[in-house]
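Below you'll find the structure, written out as C-alpha cells, and then a few comments.
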Amino acid sequence: MPHEGAPGVNHLAYEVDDADTLRKRLAAAGYEDSTVPNKNPWRKRVYFLDPDGNDWEFIEYLTDDPVKQHDYGITDKQAADTDRARRARGTGRVLMR
Numbered sequence: 001m002p003h004e005g006a007p008g009v010n011h012l013a014y015e016v017d018d019a020d021t022l023r024k025r026l027a028a029a030g031y032e033d034s035t036v037p038n039k040n041p042w043r044k045r046v047y048f049l050d051p052d053g054n055d056w057e058f059i060e061y062l063t064d065d066p067v068k069q070h071d072y073g074i075t076d077k078q079a080a081d082t083d084r085a086r087r088a089r090g091t092g093r094v095l096m097r
C-alpha cells in the first residue's frame, strides 16, 4: 500500500545505469511517470507508479563521489551552473577527484 503520510514505506529505490532509457521503456509499457522536479548535476532520478500505486524510484549517479551523490541541498541555479561547466568541458559523467 502506498505511503500517505503515515509510517511505512514511502517508495522503493534502485540504482540504474541509464535513467533516460529506463524512463522511456517504463512509459512505453504504460506505467505512470510520477517524477517530481529534481534537477541535480550529480544524479538523475525518475519515479513511476505501479498498478497498485507503489512509487518506484530509479536513480543514475553521474559522479562516484558519495558526498555529491547524496547532496540534496543544491539549488536549481547551482545545478544549472554545474551542468553548463560540465558541457563546456565536454564531459558527462564526473568522477570523484
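Sequential numbering of the sequence shown, starting at 1, is according to our numbering.
Using N, Cα and C, we set each Cβ at its ideal position, and we do this for glycine too.
Since we're looking at a predicted model, the values are computed, not measured.
Beta-bridge partners of residue i, as assigned by DSSP
| i | result |
| --- | --- |
| residue 61 | 43 |
| residue 49 | 32, 55 |
| residue 27 | DSSP output for residue 27 lists no bridge partner at all. |
| residue 14 | 58 |
Coil, strand or helix - residue i by DSSP
| i | result |
| --- | --- |
| residue 33 | strand |
| residue 19 | helix |
| residue 81 | helix |
| residue 67 | helix |
Contact under 8 Å by Cβ, residue i with residue j
| i | j | result |
| --- | --- | --- |
| residue 44 | residue 32 | no |
| residue 19 | residue 46 | yes |
| residue 55 | residue 11 | yes |
Exposure label - residue i; buried when at least 16 CB within 10 Å
| i | result |
| --- | --- |
| residue 29 | exposed |
| residue 25 | exposed |
| residue 40 | buried |
CB contact below 8 Å: residue i versus chain C
| i | result |
| --- | --- |
| residue 19 | No chain C is part of this structure, which consists of one protein chain only. |
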